[in-house]
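Undergrad: Below you'll find the structure I mean.
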Amino acid sequence: MAYCVRCGVKLESGATECPLCSMEVQAPVEVIGQPGIPLFPNDNTDGPFEHPKLDKNRKGVIELVIAFMAIAVITLIITAFALGASFSPWLPIGCVILGGSYLLVGLFVKPTYQHLATWFAAITIVLLFIIDISDRKVGWSAYANLSIVLFWLIAVAPWTVQKRNRIYGYVLAGIAVAVYLLAIDALAGNALSWSVTIALPTYGISLVASSFLLLRIRFGKPTITDTVMSLILVVCWGVVAADFFHLRTIASPRLLSWSSSVFIVAVCIMIFLTLNLTLRRVRHYFNNRVV
Amino acid sequence: MRNDQHSDGLLPLDNSAIIYPPTVARYNTHMFRLSMDLSVKVIPERLLTALEHVLDRFPYFAVSLHQGFYWYYFMPNHKPVAVYPDVAYPCGYLHRKRGANGYLFKVLYTSQRIAIEIFHAVTDGTGALVFLKSLVAEYLRLSGRQVGEDPQVFLPDSPMDPQEVEDSFERFYTPLKAVFGFESSAWHMPSKYGLSDNVQVISARMKIEDLKRISSVHKVTITEYLVAELLDAMQRIQEQMVGNPKRYKPVRISVPVNIRKVFGSRSLRNFTLFVVIGIDVRLGHYSFEEILDQVVHQLRGNVNVKSLSKQVSRNVAGRRHPAIRYAPNVFKRPLMKLLSDSYGDDIYSTTISNIGNVTFPEGMREVVERLDFHLSPSKTNKTSCAAIGANGYLVMNFTSIYATKTDFEREALTALVQKGIPVEVATNRNVKEQ
Chain X
1 MAYCVRCGVK
11 LESGATECPL
21 CSMEVQAPVE
31 VIGQPGIPLF
41 PNDNTDGPFE
51 HPKLDKNRKG
61 VIELVIAFMA
71 IAVITLIITA
81 FALGASFSPW
91 LPIGCVILGG
101 SYLLVGLFVK
111 PTYQHLATWF
121 AAITIVLLFI
131 IDISDRKVGW
141 SAYANLSIVL
151 FWLIAVAPWT
161 VQKRNRIYGY
171 VLAGIAVAVY
181 LLAIDALAGN
191 ALSWSVTIAL
201 PTYGISLVAS
211 SFLLLRIRFG
221 KPTITDTVMS
231 LILVVCWGVV
241 AADFFHLRTI
251 ASPRLLSWSS
261 SVFIVAVCIM
271 IFLTLNLTLR
281 RVRHYFNNRV
291 V
Chain F
1001 MRNDQHSDGL
1011 LPLDNSAIIY
1021 PPTVARYNTH
1031 MFRLSMDLSV
1041 KVIPERLLTA
1051 LEHVLDRFPY
1061 FAVSLHQGFY
1071 WYYFMPNHKP
1081 VAVYPDVAYP
1091 CGYLHRKRGA
1101 NGYLFKVLYT
1111 SQRIAIEIFH
1121 AVTDGTGALV
1131 FLKSLVAEYL
1141 RLSGRQVGED
1151 PQVFLPDSPM
1161 DPQEVEDSFE
1171 RFYTPLKAVF
1181 GFESSAWHMP
1191 SKYGLSDNVQ
1201 VISARMKIED
1211 LKRISSVHKV
1221 TITEYLVAEL
1231 LDAMQRIQEQ
1241 MVGNPKRYKP
1251 VRISVPVNIR
1261 KVFGSRSLRN
1271 FTLFVVIGID
1281 VRLGHYSFEE
1291 ILDQVVHQLR
1301 GNVNVKSLSK
1311 QVSRNVAGRR
1321 HPAIRYAPNV
1331 FKRPLMKLLS
1341 DSYGDDIYST
1351 TISNIGNVTF
1361 PEGMREVVER
1371 LDFHLSPSKT
1381 NKTSCAAIGA
1391 NGYLVMNFTS
1401 IYATKTDFER
1411 EALTALVQKG
1421 IPVEVATNRN
1431 VKEQ
């Protein structure tokens, strides 16, 4: 039998490492000894242990959520029977199920952003739709559900693919925004109007401006000042474009109205960014370091 | 086949058992294990016969667990009982229906070992020890050996004392208007080091004589000394793992106390309470002597009829409260899970259960070579310690759900070595994989 030189404990016969510190035993075989009967059999003849899938707290919270949901739904149904036609329980029941489902999703679903966001979005869409069709026609839920789908396409879909394919996710999100604008316009009226003349061109300008910023981030090393000013510039161009296309739609003789000042700000920022990019002294002055 | 002479109707869970069924989970199996290594070969067929004989004497162990409208309850189990080969990882989850034919315990064997793993709702360490001793004694008798008398060895044909099956918490309950304090959270070793689905064991064996010697120097008992060592080890681990002293939390150890002697009970079901002993590390580093002072003061101050009656009163009054008593089990279950953490696992950092020195009757003493006791750890307290003494040796089994981390065990055991106590360690961990 050997001793661990680090821990000082005596090791069982045949042990080649200390179980406490994993220190290898450097001793002749006579000292280490022959392996004796192990503490437990090496082969697990009983097969792998089965165990409950969930831990204690998770199970407790799940059961509690279901219990409270059941109580709330039963109470609402009883109230509806008592009050008759003056009270419709469907909206509050929908809200209870929505709230409870969120909690259960949080506990059941794999805790990653993509899984949770997808489940939350799907549950919300289904429940909003069910609540809306209680009067047998689809109304407000179409707008809300379209927005949820758009959110999913922009903020979740790109993260469901592998990193190297993420560019396709961004392209999909870009197309989704354009489709969303057209769909909202179509839902609001009988024909496409403002989406074609104002929203899509404005969106296009903003997209081009954003692309410059993204390219800069991807291939350059913009400083914080650069990034913030570029973001402001993107917003400014979007605002100016919206005003410009609106004036064209109403056939105004003016080139720009209230957004003239924003245009001047945008030009100033562009000049600043150009100087910052080209002149070392400016970079040094605004960033307090030589880049 | 078993002869169900004692089996009759429903058996309610005892007062401390009601918390176990609803809180069973992946890392909280609530199983514990006692095993005896023998110098004779174990024949499974004979062991099964011995088990069938002994189980007739312990009808309150031959039960299955059921879920009622208000509470869980036991029912006599008439299914055939079995013995199982021992497995590499102790204290695994036992499914209450499929695990062992509905029984809430498993008798395991190797070529020279008889072990019992039992769900804590059935009994505590003392009850399980009596059962195991009776089983091994019966096995030895069937093997043609003479086994002498012992107060903890029950013969299969001996009459059952009605007190064995009683819920002593109910018997010794006195309505008290005591104020119950709420302990803050204790420090727990973090989960980030990787957990294993199986219970990993580090077993340390040392001479009782050595422990007695060092305990007598400090004028404390062996349990008090070991509790102090574990507190000190846990204090050091917190200091190593938590960089900022502002984030320190108190370090506490739960010590189960067998209260049968205190109250004069002969029950073989659960009759154990927990005394939580701790040091507030936020006040500064405690020297070993300071820890020992705290342990002695807190342990002796809490193990007396009045302090323990307060706990008994709290437990029984809680169960008897109409709002709890008549609440359906479906509502009680989740609340118990949440409360068991607030009033249980969360307020201490680890557990040490010391059954003490076990003696054997003539005929058994020569055959039993080693006695082991294992507790199942929990998700909150990832390492537990169980100690038991026999044949002049004390075996401390550290059970852990940490896949590879053994810092706590190392701190505790090297401290003993540094104080001159030779310690021999063994493990079921696959050391090569670490």
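Protein sequence lines, in the order shown, are assigned to chains X and F.
The first sequence maps to residues 1 to 291 in this note's numbering.
The second sequence maps to residues 1001 to 1434 in this note's numbering.
All C-beta atoms in this analysis are idealised placements derived from N, C-alpha and C, irrespective of residue type, glycine included.
Under 8 Å Cβ-Cβ, which residues of chain F neighbour residue 10 of chain X?
TA: Here the neighbours are 1422, 1423, 1424, 1425.
Undergrad: Chain F beta carbons: is any one of them nearer than 9 Å to that of residue 40 of chain X?
TA: Closer than 9 Å: yes.
Undergrad: Have a look at residue 154 of chain X and residue 173 of chain X and give me their C-alpha separation to the nearest angstrom.
TA: Going by the C-alpha atoms only, they are around 5 Å apart.
Undergrad: Classify residue 2 of chain X: buried if its beta carbon has 16 or more other beta carbons within 10 angstroms, exposed otherwise.
TA: With 16 or more other Cβ atoms within 10 Å, it is buried.
Undergrad: Tell me, to the nearest whole angstrom, how far the beta carbon of residue 1380 of chain F is from that of residue 1258 of chain F; I am working on the premise that it is less than 8 Å.
TA: With a Cβ gap of about 24 Å, residue 1380 of chain F and residue 1258 of chain F do not count as contacting.
Undergrad: Any chance the region 1038-1056 of chain F sits against the region 1361-1373 of chain F, with 3 or more Cβ pairs inside 8 Å?
TA: The region 1038-1056 of chain F is in contact with the region 1361-1373 of chain F.
Undergrad: Assuming residue 239 of chain X and residue 259 of chain X are in contact, meaning their beta carbons sit under 8 Å apart, how far apart are those beta carbons, in whole angstroms?
TA: The pair is a contact, with the Cβ atoms about 6 Å apart (cut-off 8 Å).
Undergrad: Using a Cβ-Cβ cut-off of 9 Å, state whether residue 1202 of chain F counts as contacting chain X.
TA: Residue 1202 of chain F counts as touching chain X.
Undergrad: Which residues does DSSP list as the beta-bridge partners of residue 1374 of chain F?
TA: Its beta-bridge partners are F:1033.
Undergrad: Around the C-beta of residue 1106 of chain F, are 16 or more other C-beta atoms found within 10 angstroms, so that it is buried, or is it exposed?
TA: Label assigned to residue 1106 of chain F: buried.
Undergrad: So is residue 1348 of chain F buried or exposed if we call it buried at 16+ other beta carbons inside 10 Å?
TA: Answer is buried; the Cβ neighbour count reaches 16.
Undergrad: Who does residue 1350 of chain F pair with in a DSSP beta bridge?
TA: Residue 1350 of chain F pairs with F:1253.
Undergrad: Is there a C-beta anywhere in chain F that falls below 9 Å from the one on residue 133 of chain X?
TA: Chain F, which has no Cβ nearer than 9 Å to the Cβ of residue 133 of chain X, makes this no.
Undergrad: Any beta-carbon of chain X closer than 9 Å to the one on residue 1190 of chain F?
TA: No, no contact with chain X.
Undergrad: Just the chain F side, please: which residues come within less than 8 Å of residue 104 of chain X by C-beta, in chain order?
TA: Within chain F, no residue comes near residue 104 of chain X; the closest Cβ sits about 13 Å away, beyond 8 Å.
Undergrad: Comparing the C-beta of residue 1 of chain X with each C-beta of chain F, is any distance below 9 Å?
TA: Yes - at least one Cβ of chain F is within 9 Å of the one on residue 1 of chain X.
Undergrad: For residue 1117 of chain F, name the three-state secondary structure that DSSP assigns.
TA: Residue state, collapsed to three classes: strand.
Undergrad: If you follow the beta strand (DSSP E) that residue 1328 of chain F is part of, which residue opens it and which one closes it?
TA: Counting along the chain, residue 1328 of chain F falls outside any beta strand (DSSP E), and DSSP gives it neither H nor E.
Undergrad: Quick one: residues in its chain with C-beta nearer than 7 Å to the C-beta of residue 1316 of chain F, no 5 flanking neighbours on either side, listed in chain order?
TA: Here the set comprises 1015, 1169, 1170, 1173.
Undergrad: Counting only the same chain and skipping the five closest in sequence on each side, list residues whose C-beta sits under 8 Å from that of residue 62 of chain X.
TA: Correct list, in chain order: 54, 104, 107, 108.
Undergrad: For chain X, check one thing: does any of its Cβ atoms lie closer than 9 Å to the Cβ of residue 1409 of chain F?
TA: For residue 1409 of chain F, the answer is yes, since a Cβ of chain X falls inside 9 Å of its Cβ.
Undergrad: Kindly say whether residue 1039 of chain F, judged by its beta-carbon, lies nearer than 9 Å to any beta-carbon of chain X.
TA: No, residue 1039 of chain F lies away from the interface with chain X (no Cβ there is under 9 Å from its Cβ).
Undergrad: Under three-state DSSP, which class holds residue 1112 of chain F?
TA: Reduced to three states, the DSSP call for residue 1112 of chain F is coil.
Undergrad: For residue 1167 of chain F, name the three-state secondary structure that DSSP assigns.
TA: Three-state result, residue 1167 of chain F: coil.
Undergrad: Counting Cβ pairs, one atom from each stretch, are 3 or more of them under 8 Å apart for the region 1414-1431 of chain F and the region 12-26 of chain X?
TA: Cβ pair count under 8 Å is three or more, so yes.
Undergrad: Could you have a look at residue 272 of chain X and say whether DSSP puts it in helix, strand or coil?
TA: DSSP places residue 272 of chain X in helix when its eight states are reduced to three.
Undergrad: What residues in the region 1325-1337 of chain F bring their beta carbon closer than 7 Å to a beta carbon of chain C?
TA: Protein chains in the displayed structure are X and F, and chain C is not among them.
Undergrad: Could one say the Cβ of residue 280 of chain X lies closer than 9 Å to chain F's Cβ atoms, at least one of them?
TA: No, because no Cβ of chain F sits closer than 9 Å to the Cβ of residue 280 of chain X.
Undergrad: What did DSSP end up calling residue 135 of chain X once you bin it into helix, strand or coil?
TA: Of the three classes helix, strand and coil, the one that applies to residue 135 of chain X here is helix, per DSSP.
Undergrad: Going by C-alpha to C-alpha distance, which of F:1196, F:1151, F:1395, F:1256 sits closest to residue 1404 of chain F?
TA: Nearest option by C-alpha distance: F:1196.
Undergrad: From residue 1198 of chain F to residue 1116 of chain F, what distance separates their C-alpha atoms?
TA: Looking at the two C-alpha atoms, the distance is approximately 17 Å.
Undergrad: Are three or more beta carbon pairs between the region 95-104 of chain X and the region 119-129 of chain X nearer than 8 Å?
TA: Judged by Cβ distances under 8 Å, the region 95-104 of chain X makes contact with the region 119-129 of chain X, as three or more pairs qualify.
Undergrad: Whose C-alpha, out of X:152, X:237, X:39, is nearest the C-alpha of residue 302 of chain X?
TA: Any property of residue 302 of chain X remains undetermined from this structure, which presents chain X solely from 1 to 291.
Undergrad: Provide the residue span of the beta strand (DSSP E) that contains residue 1064 of chain F, from first to last.
TA: Start and end: 1063-1067.
Undergrad: Answer yes or no: does any C-beta atom of chain F fall closer than 9 Å to that of residue 61 of chain X?
TA: With 9 Å as the cut-off, residue 61 of chain X counts as an interface residue toward chain F.
Undergrad: CA-CA distance, residue 1182 of chain F and residue 1342 of chain F?
TA: Whole-angstrom Cα-Cα distance: 9 Å.
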